[in-house]
Amino acid sequence: MNIVFKTISYSILLFFCCISLHSKDNEDDEMRRKIDSLYQFEEIINIENTEVKNQNRTGTCWTFAGNSFIESELLREGKGNIDLSEMFIVRNIYPEKADLYVRYHGTTQFGEGALTHDVMRSIEKYGVVPESVYSTRPSNGYLNHAEMSGILEDMIKRVVATDPLNRTTKWKKAFEAILDVYMGSVPKKFVVEGKEYTPITYREYLGIDTKQFVDITSFTHHPFYEKFVLEVPDNFTRGDFFNVPIDEMLEITEKALENGYSVDWGADVSEPSFESKYGLAINPKDMKEMIRNKDEIKWDSIYKELDITQEERQEDFDNYLTQDDHGMHIVGIVKDKLDRKYFVVKNSWGTEKRGHDGYLYVSYSYFMHKTTSITLNKNGIPALFKNKIKLN
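Going by the working numbering, the final residue of the sequence shown carries number 385, and the count climbs one at a time with no gaps.
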């Protein structure tokens, strides 16, 4: 009798939960339509790009963004719609990250995060493979690295903590074995359309030249038009970036898109005005006051946005209010009914209930305020800016 009662109670609870979720989905759909009707977005530029993917429960946005960027480069060059494996990059970067963590006595970042230049470095060193060759997705299609990343982190911390007199290098084989169990071993050879390749020869076949890509940022604690190592946790390899004023970084991005080149984008996405489910990221003038008061964005009017200065941007970076949260891919420009422009950003959080089928519109003000870095083909940079940063 008690079992029957519990079963009925559970069924009733599940029924009402489903109703609640369905109601919330309907509310979100209605809000998306309301925002689109309010802003009346109009397409200006649309760079060809590949299908939106979902990183699921992994901290691997950097490789989804990086691969998407490379795939658009291949499309731009007329080489077709190529689906590259993100997890092949992750699998190759993990051992390097572990080695650096040990060499730096446990002071480098060992989370799942990395930056776009790590994608490029992996491609240059290890090559690329198609998604069909190395997927690592389970049968349900849902990526979840929580268990694996936890085990790897515990292991590498133990290695660092081991008495140097007792430490060996056996941990490296054990580390690789864990990766093989969770992700699978790296393919040495594979066949695409009847032809055999290695990861290196497949990269060569596709003609991916990572030396064509440059990283750019904008901060005042280093001189402009020089390179410096960007001080963010995910820059575990100490990669350097060209430093330019923020208005020039905006112009470089806009001109690249106008010239047919997409842009890889790193940014802080923790602001309440970054709303992926509605497909919009804006920078209201009173945002900080809203955050202090824990006010929600109303989305019932077009907000006036901040005219961002270099100093305001720097202050938020120095105070950790701007961090290297997320990597995405800029593939176009739209404007609203007030002729204000937004970048079209391809995300890696899937398409279901994610704004414009997995894309969102990021205002120029938000971009200028919250961008940590961009990566693009140097051929998409206007000559004026190339000369300023002494880029050949």
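We put the CB at the ideal spot given by N, CA and C, even for glycine.
So, with DSSP's three-state summary, where would you put TYR195?
It is helical.
At the level of alpha carbons, what is the spacing between GLU268 and ASP156?
The straight-line gap from Cα to Cα measures roughly 48 Å.
Using a Cβ-Cβ cutoff of less than 7 Å, which residues in the same chain neighbour GLY111 once the five nearest sequence positions on both sides are dropped?
The question names Gly, but residue 111 is Asp in the sequence shown. TRP55, ILE86, THR230.
Ordered along the chain, which non-local residues of its own chain (more than five positions away) have a Cβ less than 7 Å from that of LEU77?
Cβ neighbours of LEU77 beyond the five flanking positions: ASN60, ILE63, GLU64, VAL121, PRO123, GLU124.
Using DSSP with H/G/I as helix, E/B as strand and the rest coil, what is LEU14?
With a pLDDT of only 48 at LEU14, under the threshold of 50, the placement of this residue in the model should not be trusted; the figure read from the coordinates follows. Of the three classes helix, strand and coil, the one that applies to LEU14 here is helix, per DSSP.
For LEU158, does the count of other Cβ atoms within 10 angstroms reach 16, so buried, or fall short, so exposed?
LEU158 should be labelled exposed.
Quick one: what's ILE38 bridged to in DSSP?
Answer is ILE326.
Pull up the DSSP beta-bridge partners for MET258, would you.
Before going on, a small fix: residue 258 reads as Trp here, not Met. Beta-bridge pairing links TRP258 to MET321, ILE367.
Smallest Cα separation from LYS22: which of GLY272, GLN316, ASN42?
Strictly speaking, residue 22 in this sequence is Asp, with Lys absent from that position. Residue GLY272 is the option with its Cα nearest to ASP22.
Using CA coordinates, which residue listed in MET24, LEU314, GLU35, ASN19 is at the minimum distance from LYS330?
Measuring from the Cα of LYS330, the nearest candidate turns out to be GLU35.
Of all the options LYS118, LYS90, LYS371, which has the alpha carbon lying nearest to the alpha carbon of ALA107?
Residue LYS90 is the option with its Cα nearest to ALA107.
Could you pull out every residue in the same chain whose Cβ sits closer than 8 Å to the Cβ of LYS383, ignoring the five residues on either side in sequence?
Correct list, in chain order: TYR218.
Quick one: residues in its chain with C-beta nearer than 8 Å to the C-beta of LEU93, no 5 flanking neighbours on either side, listed in chain order?
Taken in chain order, the residues that qualify are THR101, PHE229, THR230.
From GLY52 to GLY104, what does the alpha carbon distance come to, in whole angstroms?
When rounded, the distance between both Cα atoms is 8 Å.
Per the DSSP calculation, PHE206 is bridged to which residue(s)?
PHE206 is bridged to ASN370.
Can you tell me which of the three DSSP states SER115 falls into?
In this structure, SER115 counts as helix in the three-state DSSP scheme.
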